[in-house]
Amino acid sequence: MVKIYKPGKVAVVLQGRQAGKKVVVIKQNDEGTKERPYPHAVVAGIERYPRKVTKRMGTKKLQRRSKIKPFIKVVNYSHLFPTRYALELESLKGSVSTETFREPTQREDAKKNIKKLLEDRYTSGKNRWFFQPLRF
């Protein structure tokens, strides 16, 4: 079977609280583990997307509207929908692992790190599709 979910692959969450949100796969596990006996992936996504900005807005307003609220989660493959897009975020791979979910402080630190990386990516204008909410 072809491995679809590789690190950097963009997918859409189909079930749960973050349903309809875009995520990027950080780490995949095709066989499952003892705690999670199903194929799953560690993903980072955008819970609150940046708002629309225009050229007329001032810098302070631009900064406020460009904020992103990220989330990290372990998701079953059956709850993900792969897309043709990919994000090349090498620094994301080291920031989140399965041990990150055990300790709340580590989880918050990982979210802050991801927030900074995604906001930098958004302000540079790369991967524009990823930062727009799905309309359905």
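With positions in the sequence shown counted from 1, the corresponding number in this note's numbering is that position plus 184.
All C-beta atoms, glycine included, are put in the ideal place defined by N, C-alpha and C.
Rounded separation between residue i and residue j - CA only
| i | j | result |
| --- | --- | --- |
| H224 | K244 | 40 Å |
| E274 | G192 | 8 Å |
| S279 | L301 | 11 Å |
| I188 | G242 | 42 Å |
| P221 | V209 | 19 Å |
| Q247 | K218 | 44 Å |
| R232 | K299 | 11 Å |
Proximity winner among the options, relative to residue i (alpha-carbon distances)
| i | options | result |
| --- | --- | --- |
| K259 | G309, F285, L271 | The identity of residue 259 in the sequence shown is Val, whereas the question assumes Lys. When only C-alpha atoms are compared, the closest one is F285. |
| F320 | Y189, L198, I188 | L198 |
| G204 | D304, E283, L264 | L264 |
| L318 | S250, R248, E287, Q202 | Q202 |
| G309 | G200, P234, V227 | P234 |
| G216 | T282, W313, F314 | T282 |
| V237 | S250, I230, A228 | S250 |
Paired residues, beta bridge with residue i - DSSP
| i | result |
| --- | --- |
| P195 | The amino acid occupying residue 195 in the given sequence is Ala; Pro does not appear at that position. Per DSSP, V207, P266. |
| G229 | V207, F255 |
| N213 | H224 |
Contacting residues, own chain, Cβ-Cβ under 7 Å from residue i (five flanking each side not counted)
| i | result |
| --- | --- |
| T267 | V194, A195, V196 |
Residues near residue i by beta carbon distance below 6 Å, same chain, minus five either side
| i | result |
| --- | --- |
| Y261 | P223 |
| Q212 | Y189, A225 |
| D214 | P223 |
query: Counting Cβ pairs, one atom from each stretch, are 3 or more of them under 8 Å apart for the segment 287 to 295 and the segment 247 to 259?
result: yes
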